[in-house]
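Chains as they are written, first to last, in this note's numbering: chain A, 3 to 365; chain B, 210 to 522. Here's the structure we're looking at; comments come further down.
Written out as structure tokens, the structure is:
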């Protein structure tokens, strides 16, 4: 992603649904993978669609960008798979722990102190006397805590950190990029040079220094520190994307009209221009969530992130690696759950990009 | 040779920006360490005040903050001297870096080479046979590589190859060409293989549709010739520009891998130093990493210019 130049984005205008040669109706479902449709200029597509619907005697009725994107997304099997898995994991993380507590009496932090024989690591689906049991489908950890409840609880924190930190980076990145792009000139130059410099910094290293130096006493405090740290280092690419968008938008008529009617500059930026950059921003944000979750896991794994008694997938994996030789399930379950979630989020992000912006199909 | 001259000017201009950036990084790190509550001596074992006072005097920690900052910076600028580690008594920071760098560099460079070879091969095959079974398979594997965190992959590899099959040693440094390197390098390279494969595929797909490839084909060149001599050169541009960021990620990746496999590399020392609040060592390692990154980025830009005749300064 190294071109900051203006990118042409057609999303402000209605778009025809299919891009088959003039006058013919689509004979097969047009998939976003189809190389032919990528290079059709959007104006031509609109014209075609208009001509066709006019031929059919209908009024010109464009599908909205979002309807169009949603349909394209549903055609992408991998993206749908991602969407379903992400939904399942999120719902399980939200309602799972209380349900497990209802069913088995194990909350994520419950240590069976009333029965010493239970304070040890049981393999998956194994009861206290080695027989088959449904109580712990993922086994237990060293303290006899239920792994399934802990993995779901950890998922809550991991997803939460991913989403909140992404919002922080959205806030910074979109504002920065929009201001830089809209005001332009020397200010733009200085602001983007600053981004270039930040780009070349070893930011994870700086984050580790930050987190280890300002280590909070309470887990909540550490969590907030984590949001700020992760959010404030992941806005750079977003700022560049938004700036590129704004550069191509700011000379369009609707901005001129807003300016002519005396709308203030901040209002033009945030009410008129920013909403029009939403497509690429959503795509990039979806791909940022797994990145941030991975960084959070990495930091927690090293002991700088989420602090006990709170746990995330990263810190669960860090605990599990201590016992990898004897109790591998302590690492494998949090690790595989995390990998599956990231895998699905990545597919969903890729699918969204293809759906919202077929021209941006890269990597 | 006006082109070379222009390039030289570009390099010098970039270096002029690079040096202040490094100083800013050092200052930022120094400031972070100083702003944070507590210090190296506020650990679990409390020192008697008289002894702490003596030590503080020895390291100049009793002076005013600007004096300390000035001394630190002067040492770095003048002699490239980051001082002595607080934790590892009597060991200079430079010596610790010189000792641990080869470990990290060996793992990192081997991992990068491996991921280049595998990634470019897989990506090219996927692009040449777009939408085939090969394409889908390699891209699915690549996505898996991006999604599985290295701290999950590493222990699983250890579990399989060391603790179950007894083929490879599970951890520790064993000198440069040794079997101990295999698992760390595999663990570290998985993500980059995946990224490079995806980048190569995307770059190649774009290039294969371009006019000059059609021209090459219509001239009757063999397919091998078209791909190797023409398509790869253009198609690999995204991979080249990824080299800079890759080095940054490689550095953070080695932190985890060195932790998992107990390797005495730069990353392991950095984590220890951060936990110990070993100020000179933290600053030394951060500065070193920043320098390495910035120089690498510069090299990538130069390489870019050589490979892509359209880039001009």
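Yeah, the Cβ is synthetic: ideal placement off N, Cα and C, and Gly gets one too. Keep in mind that this is a model prediction, so the values were computed, not measured.
What does the alpha-carbon distance come out to for the pair residue 511 of chain B and residue 201 of chain A?
Counting from 1 along the second chain, the entry for residue 511 of chain B is found at position 302. Counting from 1 along the first chain, the entry for residue 201 of chain A is found at position 199. In a straight line, the C-alpha of residue 511 of chain B is about 18 angstroms away from that of residue 201 of chain A.
How should residue 428 of chain B be labelled, buried or exposed, when 16 other C-beta atoms within 10 angstroms of its C-beta is the threshold for buried?
Indexing the second chain from 1 puts residue 428 of chain B at position 219. Burial call: exposed.
For residue 350 of chain B, would you say it is in contact with chain A, using Cβ-to-Cβ distances shorter than 8 angstroms as the test?
As a working mapping, residue 350 of chain B is identified with position 141 in the second chain. So, not an interface residue.
Every unbroken alpha helix (DSSP H) inside the stretch 452-492 of chain B [4 residues or more]
475-485
Measure the C-alpha to C-alpha separation of residue 315 of chain B and residue 77 of chain A and round it to an integer number of angstroms.
In the second chain, counting from the first residue as 1, residue 315 of chain B sits at position 106. In the first chain, counting from the first residue as 1, residue 77 of chain A sits at position 75. About 45 angstroms.
Using a 10 Å radius around the Cβ and a threshold of 16 neighbouring Cβ atoms, would you call residue 302 of chain A buried or exposed?
Against the first chain, residue 302 of chain A aligns to sequence position 300. By the neighbour-count rule (16 or more Cβ atoms within 10 Å), residue 302 of chain A is buried.
Would residue 271 of chain B be called buried (16 or more neighbouring beta carbons within 10 Å of its own) or exposed?
If you number the second chain from 1, residue 271 of chain B lands on position 62. So residue 271 of chain B counts as exposed.
I think residue 163 of chain A touches residue 295 of chain A, with their Cβ atoms under 8 angstroms apart; what is that distance to the nearest whole Å?
The count along the first chain starts at 1 and reaches residue 163 of chain A at position 161. The count along the first chain starts at 1 and reaches residue 295 of chain A at position 293. Contact flag correct, Cβ pair sits at about 7 angstroms.
Quickly, what does DSSP pair residue 227 of chain B with across the bridge? List them, please.
Working through the second chain from its first residue, we reach residue 227 of chain B at position 18. According to DSSP, which records beta bridges pairwise, residue 227 of chain B is partnered with nothing at all.
I'd like to know whether the C-beta of residue 318 of chain B is nearer than 8 angstroms to at least one C-beta of chain A.
Working through the second chain from its first residue, we reach residue 318 of chain B at position 109. It does not: the Cβ of residue 318 of chain B has no partner Cβ on chain A nearer than 8 angstroms.
To the nearest angstrom, report how far apart residue 350 of chain A and residue 71 of chain A are at their CA atoms.
By 1-based counting over the first chain, the position of residue 350 of chain A is 348. By 1-based counting over the first chain, the position of residue 71 of chain A is 69. Computed Cα separation, rounded: 13 angstroms.
Answer with buried or exposed for residue 424 of chain B, where buried requires no fewer than 16 other C-beta atoms within 10 angstroms of its C-beta.
By 1-based counting over the second chain, the position of residue 424 of chain B is 215. Classification of residue 424 of chain B: exposed, given that the 10 Å Cβ count is below 16.
Out of curiosity, what's the CA-to-CA distance linking residue 38 of chain A and residue 350 of chain B?
Here residue 38 of chain A is taken as the residue at index 36 of the first chain, counted from 1. Here residue 350 of chain B is taken as the residue at index 141 of the second chain, counted from 1. Any reading at residue 38 of chain A needs caution, since the residue's pLDDT is 45, under 50, leaving its predicted position unreliable; the model's value is listed next. Spanning the two alpha carbons is a distance of roughly 26 angstroms.
Expressed to the nearest angstrom, what Euclidean distance is found between the alpha-carbon atoms of residue 320 of chain A and residue 149 of chain A?
Counting from 1 along the first chain, the entry for residue 320 of chain A is found at position 318. Counting from 1 along the first chain, the entry for residue 149 of chain A is found at position 147. Rounded to whole angstroms, residue 320 of chain A to residue 149 of chain A spans 14 angstroms at the Cα level.
Along the chain, which unbroken stretches of the alpha helix (DSSP H) at least 4 residues long are found entirely within the stretch 240-306 of chain A?
Inside the stretch 240-306 of chain A, DSSP marks whole alpha helix (DSSP H) runs of 4 or more residues at positions 255-262 and 280-304, from first to last along the chain.
Is there a Cβ from chain A that is less than 8 angstroms from the Cβ of residue 358 of chain B?
Here residue 358 of chain B refers to the residue found at position 149 of the second chain. Interface annotation, residue 358 of chain B: in contact with chain A, CB-CB separation under 8 angstroms.
Could you tell me whether any Cβ in chain B is nearer than 8 angstroms to the Cβ of residue 133 of chain A?
As a first step, residue 133 of chain A must be located in the first chain, where it is residue number 131. So no, residue 133 of chain A is outside the interface.
Residue ranges of each alpha helix (DSSP H) within the stretch 72-125 of chain A, 4 or longer:
79-106
In whole angstroms, what separates the C-alpha of residue 225 of chain B from that of residue 231 of chain B?
Along the second chain, one-based indexing puts residue 225 of chain B at 16. Along the second chain, one-based indexing puts residue 231 of chain B at 22. In a straight line, the C-alpha of residue 225 of chain B is about 11 angstroms away from that of residue 231 of chain B.
Are at least three pairs of beta-carbons, each pair with one atom in the stretch 249-264 of chain A and one in the stretch 227-238 of chain A, less than 8 angstroms apart?
The stretch 249-264 of chain A vs the stretch 227-238 of chain A: no contact.
Would you mind sorting residue 421 of chain B into buried or exposed? The rule is 16 or more other CB atoms within 10 Å of its CB.
Counting from one through the second chain, the residue named residue 421 of chain B turns up at place 212. It counts as exposed.
Extent of the continuous alpha helix (DSSP H) run through residue 184 of chain A
Indexing the first chain from 1 puts residue 184 of chain A at position 182. Residues 149-185.
Which chain A residues are close to residue 468 of chain B, counting only those with a beta carbon under 7 angstroms from its beta carbon?
As a first step, residue 468 of chain B is located in the second chain; it is residue number 259 there, counting from the start. In chain order: 304.
Residue closest to residue 433 of chain B, alpha-carbon to alpha-carbon, out of B:268, B:333 and B:312:
Residue mapping note: residue 433 of chain B aligns to position 224 of the second chain, counting from 1. Out of B:268, B:333 and B:312, B:333 has the C-alpha closest to the C-alpha of residue 433 of chain B.
Can you find a CB in chain A that lies within less than 8 angstroms of the CB of residue 364 of chain B?
Walking along the second chain from the start, residue 364 of chain B turns up at place 155. Yes, because at least one Cβ of chain A sits closer than 8 angstroms to the Cβ of residue 364 of chain B.
Looking at C-alpha atoms only, which residue of A:248, A:214 and A:235 is the closest neighbour of residue 245 of chain B?
Taking the first residue of the second chain as 1, we reach residue 245 of chain B at position 36. Looking at the Cα atoms, A:214 is the closest of the given residues.
Against chain B, does residue 300 of chain A count as a neighbour if the rule is that its beta carbon must be under 8 angstroms from one of theirs?
Along the first chain, one-based indexing puts residue 300 of chain A at 298. Yes, residue 300 of chain A counts as interfacial toward chain B.
What's the gap between the Cα of residue 524 of chain B and the Cα of residue 356 of chain A?
Absent from the structure is residue 524 of chain B, since the part of chain B shown begins at 210 and ends at 522.
Decide yes or no for the touch test of the stretch 322-333 of chain A against the stretch 272-285 of chain A: beta carbon pairs closer than 8 angstroms, at least 3 of them.
no
Please name the residue in A:217, A:328 and A:316 whose C-alpha comes closest to that of residue 361 of chain B.
Counting from 1 along the second chain, the entry for residue 361 of chain B is found at position 152. Residue 361 of chain B has its Cα closest to that of A:316, out of A:217, A:328 and A:316.
Reducing DSSP to helix, strand and coil, say where residue 142 of chain A ends up.
Stepping through the first chain from its first residue, residue 142 of chain A is reached at position 140. Looking at residue 142 of chain A - three-state DSSP - the assignment turns out to be strand.
Quick check: is the beta carbon of residue 167 of chain A nearer than 8 angstroms to any beta carbon in chain B?
In the first chain, counting from the first residue as 1, residue 167 of chain A sits at position 165. No - not a single Cβ of chain B is within 8 angstroms of the one on residue 167 of chain A.
Which term fits residue 438 of chain B, buried or exposed, when burial requires 16 or more other beta carbons within 10 angstroms of its beta carbon?
In the second chain, residue 438 of chain B corresponds to position 229, counting from 1. Residue 438 of chain B should be labelled exposed.
By a C-beta neighbour count over all protein chains shown, 10 Å radius and 16 as the cutoff for buried, is residue 254 of chain A buried or exposed?
Numbered from 1 along the first chain, position 252 holds the residue referred to as residue 254 of chain A. Answer is exposed; the Cβ neighbour count stays below 16.
Any C-beta of chain B within less than 9 angstroms: which residues of the stretch 344-356 of chain A qualify?
Correct list: 344, 345, 346, 347, 348, 349 and 352.
In whole angstroms, what separates the C-alpha of residue 139 of chain A from that of residue 366 of chain B?
In the first chain, the residue the question calls residue 139 of chain A occupies position 137. In the second chain, the residue the question calls residue 366 of chain B occupies position 157. If I take the Cα positions, the gap works out to 24 angstroms.
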